[in-house]
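Going down the list, the sequences are from chains A and B. Just so you know, we're using our numbering here: the first sequence kicks off at 1 and counts up by one. Just so you know, we're using our numbering here: the second sequence kicks off at 116 and counts up by one. In this text, a Cβ means the ideal position worked out from N, Cα and C, and glycines have one as well. Quick caveat, the model's predicted, so the values are computed rather than measured. See below for the structure under consideration.
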Amino acid sequence: AQSVTQLGSHVSVSEGALVLLRCNYSSSVPPYLFWYVQYPNQGLQLLLKYTTGATLVKGINGFEAEFKKSETSFHLTKPSAHMSDAAEYFCAVIRRDTGRRALTFGSGTRLQVQP
Amino acid sequence: GAGVSQTPSNKVTEKGKYVELRCDPISGHTALYWYRQSLGQGPEFLIYFQGTGAADDSGLPNDRFFAVRPEGSVSTLKIQRTERGDSAVYLCASSLGTSGGNEQFFGPGTRLTVL
Numbered sequence: 001a002q003s004v005t006q007l008g009s010h011v012s013v014s015e016g017a018l019v020l021l022r023c024n025y026s027s028s029v030p031p032y033l034f035w036y037v038q039y040p041n042q043g044l045q046l047l048l049k050y051t052t053g054a055t056l057v058k059g060i061n062g063f064e065a066e067f068k069k070s071e072t073s074f075h076l077t078k079p080s081a082h083m084s085d086a087a088e089y090f091c092a093v094i095r096r097d098t099g100r101r102a103l104t105f106g107s108g109t110r111l112q113v114q115p
Numbered sequence: 116g117a118g119v120s121q122t123p124s125n126k127v128t129e130k131g132k133y134v135e136l137r138c139d140p141i142s143g144h145t146a147l148y149w150y151r152q153s154l155g156q157g158p159e160f161l162i163y164f165q166g167t168g169a170a171d172d173s174g175l176p177n178d179r180f181f182a183v184r185p186e187g188s189v190s191t192l193k194i195q196r197t198e199r200g201d202s203a204v205y206l207c208a209s210s211l212g213t214s215g216g217n218e219q220f221f222g223p224g225t226r227l228t229v230l
């Protein structure tokens with residue numbers, strides 16, 4: 001069963017505009033939550049993660065995400081898009097209630113930034 | 116410091132052949148993961164090692180796939196009797212310890228093409 005869903009396989013924004021990439025999880029126990037970025041022909045790089053504590057998490061390159069338990073969401077945002085943000089973004093989870101340590105990834109969202 | 120490295124970066128083989136893919140994790144990382152990423156999809160978990168032993172191999176698709184980590188560092192993913200459907204990017208990741216909140220650091224991947 002799919003435990004993480006990313007709405008929108010492609011998102012296009014103008015340079016300087018707000019970036020919003022959506023992620024929802026489906027487990028009853030909130031999992032560990034991650035956002036990874038993948039640039040063309042490169043490996044995955046961690047942007048940010050939520051494990052415990054403050055629900056608003058700040059990451060690298062000006063990105064942040066907010067864990068909302070009531071909405072089972074962990075959406076990624078950036079106030080002002082830059083051309084260099086064009087990449088594939090993956091939301092991923094590790095469930096807390098199974099003991100497994102494997103990441104389960106969403107299907108990804110490709111972000112395009114228009115000049 | 117050095118990140119996760121994977122060799123070869125590209126591998127082209129013929130259907131039915133045997134292939135080995137190598138992963139060198141970050142020094143000191145006890146956990147090592149293999150994932151497979153098909154075109155246009157998020158990575159899918161294959162197997163996870165804690166030290167020398169496979170702690171979770173539930174993602175291996177069938178018995179043609181096997182992985183080892185004999186000394187607790189370098190790992191080799193072995194695929195027998197390759198099929199065209201095995202074509203994908205094979206990603207390796209490593210992490211410190213076994214907490215679900217630990218960051219998994221990814222290598223650049225090996226692109227396997229089965230003709």
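query, result
"Buried or exposed: which applies to A:Pro40, given that a residue is buried once 16 or more other Cβ atoms fall within 10 Å of its Cβ?", "exposed"
"The beta strand (DSSP E) spanning B:Gly168 covers which residue range?", "Gly168 to Asp171"
"Strictly under 8 Å for the Cβ-Cβ distance: is B:Pro158 near chain A by that measure?", "yes"
"Step through the CB atoms of chain A and report whether any lies within less than 8 Å of the CB of B:Glu135.", "no"
"Alpha carbon to alpha carbon, how far is B:Thr122 from B:Leu136?", "6 Å"
"Can you tell me the Cβ-Cβ gap for A:Val4 and A:Cys23, rounded? I've got them flagged as a contact below 8 Å.", "6 Å"
"Along chain C, in chain order, which residues have C-beta atoms closer than 9 Å to that of A:Arg22?", "Reference to chain C is not applicable here, since the protein chains of this structure are A and B."
"Taking 8 Å as the threshold (beta carbon to beta carbon), is A:Phe105 in contact with chain B?", "yes"
"Measuring alpha carbon to alpha carbon, tell me which residue in A:Lys78, A:Glu66, A:Ser84 and A:Trp35 is nearest B:Glu218.", "A:Trp35"
"Three or more C-beta pairs closer than 8 Å, one from the segment 80 to 96 of chain A and one from the segment 138 to 153 of chain B: is that the case here?", "no"
"Comparing C-alpha positions only, which one of B:Pro158, B:Ser124, B:Gly118 and B:Ala117 sits nearest to B:Thr225?", "B:Ser124"
"Strictly by DSSP, which residues pair up with A:Ala65?", "A:Val57 and A:Leu76"
"Using DSSP's beta-bridge definition, name the partner residues of B:Arg137.", "B:Thr122 and B:Thr191"
"Check each candidate in A:Gly53, A:Gln114 and A:Leu33 and name the one with the smallest Cα separation from A:Ser80.", "A:Gln114"
"Whole-angstrom Cβ separation of A:Ser107 and A:Gln6, contact assumed at under 8 Å?", "6 Å"
"In angstroms, rounded to a whole number, what distance separates the CA positions of B:Asp201 and B:Leu192?", "13 Å"
"So the beta strand (DSSP E) A:Val19 belongs to, where does it begin and stop?", "Val19 to Leu21"
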